[in-house]
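S.K.: Chains as they are written, first to last, in my numbering: chain A, 307 to 454; chain B, 307 to 454.
A virtual CB, placed ideally from N, CA and C, is assigned to each residue, including glycine.
2 protein chains.
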Amino acid sequence: MRKRSRDNGKEARALNTYLKLMRAAESTTARAHRHLASAGLTLSQFGVMEALYHLGPRSQKEIGQKILRSSGNMTMVIDNLEKRGLVRRKRSSADRRCFIVHLTDKGNKLISRIFPHHTAMITGEMSVLSATEQETLARLCKKLGLGV
Amino acid sequence: MRKRSRDNGKEARALNTYLKLMRAAESTTARAHRHLASAGLTLSQFGVMEALYHLGPRSQKEIGQKILRSSGNMTMVIDNLEKRGLVRRKRSSADRRCFIVHLTDKGNKLISRIFPHHTAMITGEMSVLSATEQETLARLCKKLGLGV
DNA sequence: ATTAAATAGTTTAATATCAAACTAATATCA
DNA sequence: TGATATTAGTTTGATATTAAACTATTTAAT
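(1) Using the Cα positions of S484 of chain B and A400 of chain A, report the straight-line distance between them to the nearest angstrom.
(2) Using C-beta distances below 8 Å, list every residue in its chain close to R337 of chain A, excluding the 5 sequence neighbours before and after it, in chain order.
(3) Grab the span of the alpha helix (DSSP H) containing R419 of chain A for me, first residue to last.
(4) V397 of chain B lies in the alpha helix (DSSP H); which residues open and close that run?
(5) Answer yes if the stretch 354 to 369 of chain B comes into contact with the stretch 393 to 410 of chain B, meaning at least three C-beta pairs across the two stretches below 8 Å, and no otherwise.
(6) Tell me the residue span of the alpha helix (DSSP H) that contains S377 of chain A.
(7) Find the residues of chain A that neighbour S377 of chain B, judging by a C-beta separation of less than 8 Å, and give them in chain order.
(8) Check whether the Cβ atoms of S436 of chain A and G451 of chain B sit closer than 8 Å, and answer yes or no.
(9) Roughly how many angstroms separate the alpha carbons of L392 of chain B and K412 of chain B, rounded to a whole number?
(10) Between the C-alpha atoms of A320 of chain B and L347 of chain B, what's the straight-line distance to the nearest angstrom?
(11) Helix, strand or coil for R329 of chain B per DSSP?
(12) What's the call for L358 of chain A, buried or exposed, on a 16-neighbour Cβ count within 10 Å?
(13) In whole angstroms, give me the CA-to-CA distance for Q371 of chain A and M380 of chain A.
(14) With C-beta atoms as the reference, is L446 of chain A less than 8 Å away from L443 of chain B?
(15) Within the 8 Å Cβ cut-off, does V383 of chain B reach chain A?
(16) Kindly indicate if chain A contains any beta-carbon less than 8 Å away from that of Y324 of chain B.
(17) Run down chain A in chain order and give the residues with a C-beta less than 7 Å from the C-beta of E356 of chain B.
(18) In this structure, does DSSP put R445 of chain B in helix, strand or coil?
(19) Any idea if H456 of chain A is buried or exposed, counting beta-carbon neighbours within 10 angstroms, 16 or more meaning buried?
(20) Output needed for M355 of chain B: all residues of its chain with C-beta closer than 8 Å, excluding positions within five of it in sequence on either side, in chain order.
(21) Among B:E317, B:K316, B:T323, B:A318, which one has its Cα closest to the Cα of E441 of chain A?
(22) Quick one: using the 10 Å Cβ neighbour count with 16 as the cut-off for buried, is H424 of chain B buried or exposed?
(23) Could you name the residues of the same chain whose beta carbon sits closer than 6 Å to that of A345 of chain A, not counting the 5 residues immediately before and after it, in chain order?
(24) Could you confirm whether any beta carbon from chain B is found closer than 8 Å to the beta carbon of S365 of chain A?
(25) Given this structure, state the Cα-to-Cα distance separating L361 of chain B from T429 of chain B, to the nearest angstrom.
(26) Along chain A, which residues have their Cβ under 7 Å away from the Cβ of I428 of chain B?
(27) Give the DSSP bridge partners of F352 of chain A, in chain order.
(28) List the residues that DSSP assigns as beta-bridge partners of S365 of chain B.
(29) Short of 7 Å in beta carbon distance, which residues of its chain neighbour R397 of chain A, apart from the five on each side in sequence? Order them along the chain.
(30) Could you check the C-alpha separation between D313 of chain B and T438 of chain A for me, to the nearest Å?
(31) Using the Cβ count rule (16 or more neighbours within 10 Å means buried), how would you classify A318 of chain A?
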């Protein structure tokens with residue numbers, strides 16, 4: 307009895323926290339999505355370009371690890387970016403299985419222009435939380451994310 | 307100078323918090339995804355069935371609002387559930403534009419069987435956080451999610 | 001009542017997403 | 001060196017996802 311009700315409380319708490327976490331992530335994502343759509347980019351495309359912008363040219367595998375997406379997905383997203391002339395693949399001479407992906411001038415211009423807006427949007431979104439609250443949130447999320 | 311560096315700190319904090327939030331949400335989602343895949347359900351399909359299980363029969367619109375998905379998406383997900391005989395549409399007699407979606411016996415059996423496992427998985431995932439930490443996380447996420 | 005506006009759901013077109021099967025290149029190791 | 005295993009990326013097949021255009025029905029307004 308006692309045990310059961312304690313468990314139910316534990317489970318209810320966990321489910322509630324999970325739900326709130328998902329809602330927060332989805333609502334923030336949805337905004338970012340709408341925001342990027344005006345630049346004609348999807349979230350994944352932005353993720354790839356942002357990674358290249360901050361890390362420099364990388365293989366598809368490395369990009370996929372960075373943004374937590376499958377290799378098959380990388381093929382598709384990078385195909386679409388390449389079609390638009392925003393990135394280019396270059397066969398690695400060291401390991402001819404790899405493509406090194408890099409931003410084109412056009413891609414670099416676009417991400418340079420968009421990134422500050424994106425930052426401002428996220429900063430605005432987060433501003434409902436104090437600095438301390440943001441740090442707490444980041445710490446708790448990190449703990450959760452580690453369980454991967 | 308002063309202003310600029312303060313802003314950078316603020317933005318860096320916001321971006322970091324956003325990143326951690328996304329990572330936590332994605333890693334938890336990815337687990338749920340793998341877990342449900344073994345029952346042959348996608349996350350969205352589970353979301354629809356869970357809503358019907360806890361709320362009772364609902365229109366597609368109501369379900370979509372509950373799980374934060376577009377109406378076009380609902381058409382697709384419910385089509386797939388209906389093909390598998392897990393839910394059924396019934397034209398509402400009160401408003402003939404609406405379909406009322408309800409679980410079939412088969413669907414009810416499936417969700418009854420799966421839901422406890424899902425709960426256990428989420429509870430396990432959350433157990434890296436104390437009760438207080440979970441409550442704090444839920445509270446902060448809720449604040450963020452409200453900005454929708 | 002007739003018309004106009006709003007609403008529920010579907011369709012379309014484009015991209016995303018994964019797992020699994022596959023190809024090509026590299027690394028291992030016997 | 002030659003067979004085997006591993007790795008990077010692609011393809012395939014299925015579902016998801018959205019926005020926007022569309023159909024059918026209901027509500028509102030004149």
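M.R.: Put simply:
(1) The structure shown has nothing for residue 484 of chain B, since chain B only spans 307 to 454.
(2) Walking along the first sequence from the start, residue 337 of chain A turns up at place 31. M427, E431.
(3) Stepping through the first sequence from its first residue, residue 419 of chain A is reached at position 113. Boundaries of the alpha helix (DSSP H) harbouring R419 of chain A: 411 to 432, taken from the DSSP string.
(4) In the second sequence, counting from the first residue as 1, residue 397 of chain B sits at position 91. Rather than Val, the amino acid found at residue 397 of chain B in this sequence is Arg. Per DSSP, R397 of chain B belongs to no alpha helix (DSSP H); it is in the beta strand (DSSP E), 393 to 397.
(5) yes
(6) Sequence index remark: in the first sequence, residue 377 of chain A carries index 71 (1-based). Counting along the chain, the alpha helix (DSSP H) containing S377 of chain A begins and ends at 377 to 389.
(7) For the purposes of this step, residue 377 of chain B is taken as residue 71 along the second sequence, with counting starting at 1. The contacting residues do not exist; S377 of chain B stays about 15 Å from chain A at best.
(8) Here the question's residue 436 of chain A lines up with position 130 in the first sequence. Here the question's residue 451 of chain B lines up with position 145 in the second sequence. Against a cut-off of 8 Å, the Cβ pair of G451 of chain B and S436 of chain A comes out as no contact.
(9) If you number the second sequence from 1, residue 392 of chain B lands on position 86. If you number the second sequence from 1, residue 412 of chain B lands on position 106. The alpha-carbon atoms of L392 of chain B and K412 of chain B are separated by roughly 6 Å.
(10) By one-based count along the second sequence, residue 320 of chain B stands at place 14. By one-based count along the second sequence, residue 347 of chain B stands at place 41. Answer to the nearest angstrom: the Cα atoms are 35 Å apart.
(11) Taking the second sequence and counting its residues from 1, one reaches residue 329 of chain B at position 23. Residue state, collapsed to three classes: helix.
(12) For the purposes of this step, residue 358 of chain A is taken as the residue at position 52 of the first sequence. It is buried - the Cβ of L358 of chain A has at least 16 other Cβ atoms within 10 Å.
(13) Position 65 of the first sequence, counted from the first residue, corresponds to residue 371 of chain A. Position 74 of the first sequence, counted from the first residue, corresponds to residue 380 of chain A. Approximately 10 Å, taken between the alpha carbons.
(14) Walking along the first sequence from the start, residue 446 of chain A turns up at place 140. Walking along the second sequence from the start, residue 443 of chain B turns up at place 137. In this structure, L446 of chain A places its C-beta atom within 8 Å of the C-beta atom of L443 of chain B.
(15) On the second sequence, residue 383 of chain B is found 77 positions in, with the first residue counted as 1. Not closer than 8 Å to any Cβ of chain A, the Cβ of V383 of chain B fails to qualify, so no.
(16) Your numbering for residue 324 of chain B matches position 18 in the second sequence. By this cut-off, Y324 of chain B is an interface position.
(17) Taking the first residue of the second sequence as 1, we reach residue 356 of chain B at position 50. Those do not exist, as E356 of chain B stays about 10 Å from chain A at its closest Cβ, beyond 7 Å.
(18) For the purposes of this step, residue 445 of chain B is taken as residue 139 along the second sequence, with counting starting at 1. Helix, per DSSP.
(19) Chain A is shown from 307 up to 454; residue 456 of chain A falls before or after that span and cannot be answered.
(20) To locate residue 355 of chain B, count along the second sequence from 1; it is residue 49. If we look at M355 of chain B and ignore the five residues flanking it on each side, its Cβ neighbours are L347, L387, L392, V393, L409, G413, L416, I417.
(21) One-based indexing of the first sequence puts residue 441 of chain A at position 135. Per the Cα distances, B:T323.
(22) The residue labelled residue 424 of chain B in the question sits at position 118 within the second sequence. With a threshold of 16 other beta carbon atoms within 10 Å, H424 of chain B meets it and is buried.
(23) Reading the first sequence from its first residue, position 39 is the one you call residue 345 of chain A. Excluding positions up to five away in sequence, the list reads I420.
(24) Taking the first sequence and counting its residues from 1, the one referred to as residue 365 of chain A is at position 59. Output row for S365 of chain A: interface = no.
(25) If you number the second sequence from 1, residue 361 of chain B lands on position 55. If you number the second sequence from 1, residue 429 of chain B lands on position 123. CA-CA distance, L361 of chain B to T429 of chain B, rounds to 22 Å.
(26) On the second sequence, position 122 is the one that residue 428 of chain B refers to. Chain A residues near I428 of chain B: A320, L321, Y324.
(27) The residue you call residue 352 of chain A lines up with position 46 of the first sequence. In DSSP, F352 of chain A forms no bridge with anything.
(28) Locating residue 365 of chain B in the second sequence gives position 59, counting from the first residue. According to DSSP, which records beta bridges pairwise, S365 of chain B is partnered with B:I406.
(29) Residue 397 of chain A sits at position 91 when you count from the first residue of the first sequence. Around R397 of chain A: F405.
(30) The sequence position of residue 313 of chain B within the second sequence is 7, counting from 1. The sequence position of residue 438 of chain A within the first sequence is 132, counting from 1. If I take the Cα positions, the gap works out to 16 Å.
(31) Reading the first sequence from its first residue, position 12 is the one you call residue 318 of chain A. Exposed is the call here.
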